[in-house]
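For reference, the structure is listed below as structure tokens.
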Amino acid sequence: AQKVTQAQTEISVVEKEDVTLDCVYETRDTTYYLFWYKQPPSGELVFLIRRNSFDEQNEISGRYSWNFQKSTSSFNFTITASQVVDSAVYFCALSGPNTGNQFYFGTGTSLTVIP
Amino acid sequence: DTEVTQTPKHLVMGMTNKKSLKCEQHMGHRAMYWYKQKAKKPPELMFVYSYEKLSINESVPSRFSPECPNSSLLNLHLHALQPEDSALYLCASSLGQGAVSGELFFGEGSRLTVL
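As given, the protein sequences belong to chains A and S, one line each in that order. At position 108 of the first sequence the residue is numbered 108 (this note's numbering), and the sequence of numbers has no breaks. At position 96 of the second sequence the residue is numbered 211 (this note's numbering), and the sequence of numbers has no breaks.
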């Protein structure tokens with residue numbers, strides 16, 4: 001079965017703190033893709049990163065970094081020196097042949113950065 | 116600015132009304148999607164069009180009727196909706212169907228209220 005678990009429903013941090021959003025997935029596929037999306041209050045889901053199952057290199061983009069570990073089926077997202085503009089709901093998503101190549105979203109983590 | 120444009124941004128309708136949601140993209144994408152999102156929940160897939168043909172219908176009630184007039188346009192016709200259909204309706208597009216073709220690009224959504 002395909003499943004994405006984001007155990008943290010809501011997180012609050014003070015501005016400039018680092019924060020890690022957890023994502024754990026389950027899949028029977030050997031080839032699959034993982035994603036992170038940000039949804040600010042405006043509603044649009046903004047693409048952040050796509051990672052395929054054969055690429056376990058961690059990635060850094062500015063204040064954002066991602067840690068992909070197949071051994072623990074996790075794809076965690078860290079924001080360094082958080083800012084108020086980072087306040088949003090963040091969704092982890094999984095896609096692979098067993099989802100009909102469609103996107104299966106986790107339940108999301110609502111992040112509030114307090115100034 | 117989003118490259119997927121949805122209109123209207125807000126819609127209020129009665130249960131006997133007929134209305135339509137519209138979505139447009141000019142990125143040359145050949146797959147387009149409708150998602151429904153309730154408050155504090157992840158997006159739920161409704162329909163997928165690939166090369167202007169309906170490829171996935173996630174058992175959506177017939178009061179929702181999708182239409183893809185051409186590769187750039189996607190409509191969702193609404194008729195005899197129920198109050199529980201009130202939600203944010205998100206349109207998305209991707210280069211091809213499925214994550215192997217890349218990520219989903221989302222519009223800002225149409226917030227629907229059914230009275």
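Ideal Cβ positions, reconstructed from N, Cα and C, are used throughout, including at glycine.
Just mark residue i as buried or exposed, buried being the case when its beta carbon has 16 or more other beta carbons within 10 Å.
i        : result
A:SER87  : buried
A:GLY108 : buried
A:GLY62  : exposed
A:THR131 : The structure shown does not extend to residue 131 of chain A, since chain A is modelled only from 1 through 115, so no value can be given for it.
A:ASN101 : buried
A:ALA1   : exposed
A:ALA7   : exposed
S:TYR166 : exposed
A:PRO41  : exposed
S:SER177 : exposed
S:VAL119 : buried
A:PHE103 : buried
A:VAL85  : exposed
S:PRO198 : exposed
S:LEU230 : exposed
For residue i and residue j, I'd like the C-alpha separation in whole angstroms.
i        : j        : result
A:GLU17  : A:GLU10  : 16 angstroms
S:HIS141 : A:THR99  : 27 angstroms
A:GLU119 : S:PHE179 : This structure gives no information on residue 119 of chain A, because the portion of chain A shown stretches from 1 to 115.
S:GLY224 : A:SER73  : 31 angstroms
A:TYR64  : A:GLY106 : 19 angstroms
S:HIS194 : A:THR80  : 47 angstroms
A:PHE75  : A:GLU56  : 10 angstroms
A:GLN83  : A:VAL19  : 11 angstroms
S:THR122 : S:LEU136 : 6 angstroms
S:PRO184 : S:LYS124 : 21 angstroms
S:LYS192 : S:THR228 : Rather than Lys, the amino acid found at residue 192 of chain S in this sequence is His. Straight-line Cα distance between these residues: approximately 15 angstroms.
A:LEU141 : S:SER186 : With chain A running from 1 to 115 in the structure shown, residue 141 of chain A is simply not present.
A:VAL113 : A:VAL89  : 11 angstroms
A:PHE68  : A:TRP36  : 12 angstroms
S:SER174 : A:VAL14  : 43 angstroms
S:LYS156 : A:GLN39  : 12 angstroms
S:MET128 : A:TRP66  : 42 angstroms
A:TYR25  : A:THR31  : 13 angstroms
A:LYS3   : A:LEU94  : 8 angstroms
Quick one: list the residues of chain C neighbouring residue i, beta-carbon separation under 8 angstroms, in chain order.
i       : result
A:TYR33 : In the displayed structure, chain C is absent; the protein chains listed are A and S.
Run through the DSSP bridge pairs and tell me what residue i is partnered with.
i        : result
A:GLU26  : A:LYS3
S:GLN212 : Partner(s): none; S:GLN212 has no beta bridge.
S:HIS125 : S:ARG226
A:VAL13  : A:VAL113
A:VAL84  : Partner(s): none; A:VAL84 has no beta bridge.
A:ARG50  : A:PHE35
Short-range partners of chain S found in the stretch 89-108 of chain A, where Cβ spacing is below 9 angstroms = VAL89, PHE91, ALA93, LEU94, SER95, GLY96, PRO97, THR99, GLY100, ASN101, GLN102, PHE103, TYR104, PHE105, GLY106, THR107, GLY108
ask   = How do the stretch 152-160 of chain S and the stretch 194-210 of chain S stand: do at least 3 beta-carbon pairs fall below 8 angstroms, yes or no?
value = yes
query = Three or more beta-carbon pairs under 8 angstroms between the stretch 214-221 of chain S and the stretch 169-186 of chain S, yes or no?
reply = no
ask   = Using a beta-carbon distance cut-off of less than 9 angstroms, what residues from the stretch 155-168 of chain S approach chain A?
value = LYS155, LYS156, PRO157, PRO158, GLU159, LEU160, VAL163
key: Interface positions of the stretch 38-55 of chain A facing chain S (Cβ-Cβ less than 8 angstroms), listed along the chain   = For the stretch 38-55 of chain A, which is checked against every Cβ of chain S, the residues closer than 8 angstroms are SER42, GLY43, GLU44, LEU45, VAL46, PHE47, ARG50.
query = According to a CB-to-CB cut-off of less than 8 angstroms, which residues of the stretch 177-190 of chain S neighbour chain A?
reply = Against chain A - using a Cβ distance shorter than 8 angstroms - the stretch 177-190 of chain S contributes no residues.
key: Interface residues of the stretch 190-207 of chain S facing chain A [CB-CB below 9 angstroms]   = LEU203, LEU205, ALA207
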